[in-house]
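Just add 37 to wherever you are in the sequence shown, counting from 1, and you've got my numbering. We treat Cβ as the ideally placed atom computed from N, Cα and C, and that holds for glycine. Comments concern the structure below.
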Amino acid sequence: MKLETFGRNEWAPAVGARLVAFLPDGRHRRVCFATGSTPEPAYAAFAAGGGALDDTEVFLLDEFLLPRGDPGRCDEMLARSLLELCPSPPLALHTFDVSAEPLDDECRRYERELDAGGLDLAILGLGANGHIGMNEPGSAADTPTRVVDLHPTTQQNAARYGATSPPSRGITIGMRAVLAAAEIWLLVTGEHKAAILNQVLTGPIGPDVPASFLRDHPNAIVIADEPATIPR
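Below is the structure:
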(Lines of atoms letter the chains of each structure in order from A and count residues from 1; the text may use other names and numbers.)
(Lines give C-alpha, C1' and ligand atoms only; values in the text may rest on other atoms or scores of the structure.)
Protein backbone atom coordinates (compact mmCIF):
# COMPACT_ATOMS: atom_id res chain seq x y z
CA MET A 1 0.00 0.00 0.00
CA LYS A 2 1.48 3.30 -1.11
CA LEU A 3 1.59 6.43 1.04
CA GLU A 4 1.37 9.95 -0.37
CA THR A 5 1.82 12.86 2.01
CA PHE A 6 0.88 16.51 1.52
CA GLY A 7 1.13 19.63 3.63
CA ARG A 8 -1.86 20.47 5.76
CA ASN A 9 -3.04 23.15 3.30
CA GLU A 10 -2.17 21.20 0.15
CA TRP A 11 -3.94 17.96 1.07
CA ALA A 12 -7.55 18.79 0.13
CA PRO A 13 -6.70 20.44 -3.23
CA ALA A 14 -4.50 17.45 -4.11
CA VAL A 15 -7.26 14.93 -3.37
CA GLY A 16 -9.85 17.06 -5.16
CA ALA A 17 -7.70 17.31 -8.28
CA ARG A 18 -7.05 13.56 -8.23
CA LEU A 19 -10.79 12.91 -8.08
CA VAL A 20 -11.48 15.34 -10.95
CA ALA A 21 -8.97 13.39 -13.04
CA PHE A 22 -10.51 10.06 -12.01
CA LEU A 23 -14.01 11.09 -13.11
CA PRO A 24 -13.61 12.43 -16.67
CA ASP A 25 -16.64 13.42 -18.74
CA GLY A 26 -18.18 10.57 -20.67
CA ARG A 27 -16.66 7.71 -18.66
CA HIS A 28 -18.97 5.62 -16.51
CA ARG A 29 -17.56 5.07 -13.03
CA ARG A 30 -18.87 3.36 -9.90
CA VAL A 31 -17.50 5.02 -6.77
CA CYS A 32 -18.10 4.47 -3.06
CA PHE A 33 -17.87 7.67 -1.00
CA ALA A 34 -17.14 7.88 2.72
CA THR A 35 -18.66 10.68 4.77
CA GLY A 36 -17.52 12.49 7.90
CA SER A 37 -15.20 15.38 8.62
CA THR A 38 -12.08 14.04 6.87
CA PRO A 39 -13.26 13.97 3.23
CA GLU A 40 -15.38 17.16 3.39
CA PRO A 41 -12.62 19.61 2.34
CA ALA A 42 -11.50 17.25 -0.43
CA TYR A 43 -15.05 17.02 -1.79
CA ALA A 44 -15.33 20.80 -1.68
CA ALA A 45 -12.06 21.09 -3.61
CA PHE A 46 -13.37 18.58 -6.16
CA ALA A 47 -16.50 20.64 -6.77
CA ALA A 48 -14.59 23.93 -6.83
CA GLY A 49 -12.18 22.44 -9.36
CA GLY A 50 -14.95 21.71 -11.85
CA GLY A 51 -15.69 18.17 -10.73
CA ALA A 52 -18.95 16.58 -11.86
CA LEU A 53 -20.77 13.31 -11.17
CA ASP A 54 -22.91 13.13 -14.32
CA ASP A 55 -21.37 9.82 -15.40
CA THR A 56 -20.82 8.41 -11.91
CA GLU A 57 -22.81 5.86 -9.94
CA VAL A 58 -22.41 6.94 -6.32
CA PHE A 59 -22.53 4.35 -3.55
CA LEU A 60 -22.88 5.35 0.09
CA LEU A 61 -20.31 3.52 2.23
CA ASP A 62 -22.44 3.20 5.34
CA GLU A 63 -25.43 4.57 7.20
CA PHE A 64 -26.53 5.08 10.78
CA LEU A 65 -29.87 3.61 11.83
CA LEU A 66 -31.48 7.03 12.20
CA PRO A 67 -34.78 8.40 10.88
CA ARG A 68 -34.82 9.74 7.32
CA GLY A 69 -33.79 13.40 7.25
CA ASP A 70 -31.78 13.28 10.49
CA PRO A 71 -28.79 15.63 9.96
CA GLY A 72 -26.42 13.03 11.36
CA ARG A 73 -27.26 10.46 8.71
CA CYS A 74 -24.56 9.65 6.19
CA ASP A 75 -26.80 10.34 3.19
CA GLU A 76 -27.50 13.81 4.59
CA MET A 77 -23.77 14.43 5.10
CA LEU A 78 -22.95 13.27 1.58
CA ALA A 79 -25.62 15.59 0.17
CA ARG A 80 -24.24 18.59 2.09
CA SER A 81 -20.55 17.91 1.50
CA LEU A 82 -20.62 16.71 -2.12
CA LEU A 83 -23.84 16.22 -4.04
CA GLU A 84 -25.27 19.70 -3.49
CA LEU A 85 -21.94 21.28 -4.52
CA CYS A 86 -21.94 19.65 -7.94
CA PRO A 87 -23.74 21.22 -10.92
CA SER A 88 -25.96 18.19 -11.56
CA PRO A 89 -26.92 14.97 -9.77
CA PRO A 90 -24.97 11.75 -10.20
CA LEU A 91 -25.88 9.21 -12.83
CA ALA A 92 -27.25 7.05 -10.00
CA LEU A 93 -27.24 7.26 -6.23
CA HIS A 94 -27.23 4.04 -4.19
CA THR A 95 -28.17 4.43 -0.52
CA PHE A 96 -29.46 2.22 2.29
CA ASP A 97 -33.12 2.08 3.29
CA VAL A 98 -32.72 1.69 7.04
CA SER A 99 -36.49 1.51 7.47
CA ALA A 100 -36.71 -1.69 5.41
CA GLU A 101 -37.85 -4.87 7.12
CA PRO A 102 -36.07 -7.14 7.56
CA LEU A 103 -32.79 -5.23 7.39
CA ASP A 104 -30.93 -8.39 6.41
CA ASP A 105 -32.84 -8.34 3.12
CA GLU A 106 -31.83 -4.71 2.59
CA CYS A 107 -28.20 -5.66 3.13
CA ARG A 108 -28.47 -8.41 0.52
CA ARG A 109 -30.15 -6.01 -1.93
CA TYR A 110 -27.29 -3.52 -1.55
CA GLU A 111 -24.72 -6.28 -1.91
CA ARG A 112 -26.34 -7.34 -5.18
CA GLU A 113 -26.10 -3.76 -6.49
CA LEU A 114 -22.41 -3.71 -5.58
CA ASP A 115 -21.73 -7.07 -7.19
CA ALA A 116 -23.59 -6.13 -10.37
CA GLY A 117 -20.65 -4.03 -11.56
CA GLY A 118 -18.17 -3.80 -8.71
CA LEU A 119 -16.54 -0.58 -7.60
CA ASP A 120 -14.01 1.32 -9.67
CA LEU A 121 -12.98 3.28 -6.59
CA ALA A 122 -13.63 3.17 -2.84
CA ILE A 123 -12.88 6.41 -0.99
CA LEU A 124 -12.47 5.63 2.71
CA GLY A 125 -11.73 7.37 5.98
CA LEU A 126 -9.84 5.87 8.90
CA GLY A 127 -11.53 5.50 12.27
CA ALA A 128 -9.62 6.16 15.45
CA ASN A 129 -9.94 2.45 16.31
CA GLY A 130 -8.87 1.31 12.84
CA HIS A 131 -12.33 0.84 11.37
CA ILE A 132 -13.26 1.65 7.78
CA GLY A 133 -16.89 2.26 7.03
CA MET A 134 -18.58 0.76 10.06
CA ASN A 135 -16.39 -2.34 9.92
CA GLU A 136 -15.39 -2.13 13.57
CA PRO A 137 -12.48 -4.07 15.13
CA GLY A 138 -13.20 -7.78 14.85
CA SER A 139 -14.33 -7.51 11.22
CA ALA A 140 -12.78 -10.17 9.01
CA ALA A 141 -11.65 -9.58 5.44
CA ASP A 142 -14.62 -11.49 4.01
CA THR A 143 -17.42 -9.80 5.95
CA PRO A 144 -20.49 -8.92 3.85
CA THR A 145 -22.70 -5.84 3.84
CA ARG A 146 -24.51 -6.08 7.14
CA VAL A 147 -26.07 -4.46 10.22
CA VAL A 148 -23.47 -3.76 12.91
CA ASP A 149 -23.29 -2.67 16.52
CA LEU A 150 -21.32 0.57 16.74
CA HIS A 151 -18.26 1.19 18.89
CA PRO A 152 -18.82 4.01 21.43
CA THR A 153 -16.40 6.29 19.54
CA THR A 154 -18.42 5.78 16.35
CA GLN A 155 -21.60 6.66 18.23
CA GLN A 156 -19.92 9.83 19.52
CA ASN A 157 -18.96 10.79 15.97
CA ALA A 158 -22.61 10.57 14.93
CA ALA A 159 -23.50 13.04 17.67
CA ARG A 160 -20.71 15.35 16.46
CA TYR A 161 -22.14 15.19 12.94
CA GLY A 162 -25.50 16.46 14.20
CA ALA A 163 -27.45 13.29 14.99
CA THR A 164 -30.50 14.05 17.10
CA SER A 165 -29.77 10.96 19.20
CA PRO A 166 -26.67 8.73 19.25
CA PRO A 167 -27.30 5.60 17.17
CA SER A 168 -26.21 2.24 18.50
CA ARG A 169 -26.30 0.44 15.15
CA GLY A 170 -25.62 1.03 11.49
CA ILE A 171 -25.38 -0.64 8.07
CA THR A 172 -22.06 -0.86 6.29
CA ILE A 173 -20.57 -2.17 3.08
CA GLY A 174 -18.53 -5.13 4.28
CA MET A 175 -14.80 -5.64 3.97
CA ARG A 176 -15.35 -8.14 1.15
CA ALA A 177 -16.86 -5.56 -1.21
CA VAL A 178 -14.42 -2.84 -0.11
CA LEU A 179 -11.42 -5.04 -0.85
CA ALA A 180 -12.94 -6.04 -4.21
CA ALA A 181 -12.80 -2.40 -5.43
CA ALA A 182 -10.41 -1.85 -8.33
CA GLU A 183 -8.79 1.10 -6.53
CA ILE A 184 -8.90 2.31 -2.92
CA TRP A 185 -8.00 5.70 -1.45
CA LEU A 186 -7.66 5.87 2.33
CA LEU A 187 -7.91 9.53 3.37
CA VAL A 188 -6.23 10.41 6.68
CA THR A 189 -5.68 13.83 8.25
CA GLY A 190 -4.68 15.24 11.61
CA GLU A 191 -2.22 14.37 14.32
CA HIS A 192 -4.97 12.55 16.24
CA LYS A 193 -4.89 9.86 13.52
CA ALA A 194 -1.11 9.43 13.52
CA ALA A 195 -0.95 6.55 15.99
CA ILE A 196 -3.64 4.46 14.30
CA LEU A 197 -2.26 5.19 10.82
CA ASN A 198 1.13 3.92 11.99
CA GLN A 199 -0.58 0.71 13.16
CA VAL A 200 -2.31 0.35 9.79
CA LEU A 201 0.97 0.76 7.91
CA THR A 202 3.33 -1.23 10.12
CA GLY A 203 1.36 -3.39 12.55
CA PRO A 204 -0.05 -6.89 12.12
CA ILE A 205 -2.62 -7.38 9.36
CA GLY A 206 -5.85 -8.68 10.81
CA PRO A 207 -9.34 -8.00 12.16
CA ASP A 208 -8.12 -6.10 15.23
CA VAL A 209 -7.38 -3.18 12.87
CA PRO A 210 -9.66 -3.74 9.85
CA ALA A 211 -7.96 -1.01 7.80
CA SER A 212 -4.77 -3.09 7.90
CA PHE A 213 -6.33 -5.45 5.33
CA LEU A 214 -5.80 -2.69 2.74
CA ARG A 215 -2.10 -3.55 2.75
CA ASP A 216 -2.92 -6.73 0.85
CA HIS A 217 -4.81 -4.82 -1.85
CA PRO A 218 -2.95 -4.45 -5.18
CA ASN A 219 -4.05 -0.86 -5.79
CA ALA A 220 -4.58 0.89 -2.46
CA ILE A 221 -3.09 4.24 -1.51
CA VAL A 222 -3.05 6.27 1.69
CA ILE A 223 -3.38 10.00 1.01
CA ALA A 224 -2.44 11.78 4.24
CA ASP A 225 -1.47 15.17 5.47
CA GLU A 226 1.84 15.59 7.27
CA PRO A 227 0.45 15.71 10.83
CA ALA A 228 -1.15 12.29 10.33
CA THR A 229 2.16 10.67 9.41
CA ILE A 230 4.17 11.61 12.51
CA PRO A 231 3.49 9.07 15.29
CA ARG A 232 3.31 10.57 18.78
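Rounded to a whole number of angstroms, what is the C-alpha to C-alpha distance between residue i and residue j?
i	j	result
alanine 218	isoleucine 160	10 Å
alanine 178	proline 247	8 Å
isoleucine 260	aspartate 157	17 Å
threonine 72	tyrosine 80	10 Å
proline 241	phenylalanine 70	26 Å
alanine 49	alanine 232	21 Å
aspartate 186	methionine 38	29 Å
leucine 223	asparagine 256	11 Å
Please classify residue i: does DSSP put it in a helix, a strand, or coil?
i	result
isoleucine 233	helix
cysteine 69	strand
valine 95	strand
alanine 129	strand
alanine 265	helix
aspartate 243	Here residue 243 turns out to be glycine, not aspartate, going by the sequence shown. Residue state, collapsed to three classes: strand.
Hey, residue i and residue j: beta-carbon distance below 9 Å or not?
i	j	result
serine 249	glycine 167	yes
aspartate 92	arginine 64	yes
glycine 164	glycine 109	no
leucine 90	proline 126	yes
valine 225	glycine 155	no
Residues in the same chain with beta-carbon distance under 6 Å from residue i, minus the five sequence neighbours each way, listed in chain order, please.
i	result
glutamate 3	Since the first residue of the chain shown is 38 and the last is 269, residue 3 is not available in this structure.
serine 176	Met212, Pro244 and Pro247
CB-CB under 8 Å to residue i, same chain, minus the five flanking residues each way: which ones, in chain order?
i	result
aspartate 152	Ala214
Considering only residues of the same chain and omitting the five flanking positions on each side of residue i, which have a CB-CB separation below 7 Å?
i	result
aspartate 253	Ile242
Roughly how far, in whole angstroms, is the beta-carbon of residue i from the beta-carbon of residue j, given that I think they are within contact range, below 8 Å?
i	j	result
methionine 171	threonine 191	7 Å
So, is the C-beta of residue i closer than 9 Å to a C-beta in chain D?
i	result
leucine 56	Protein chains in the displayed structure number just one, and chain D is not present.
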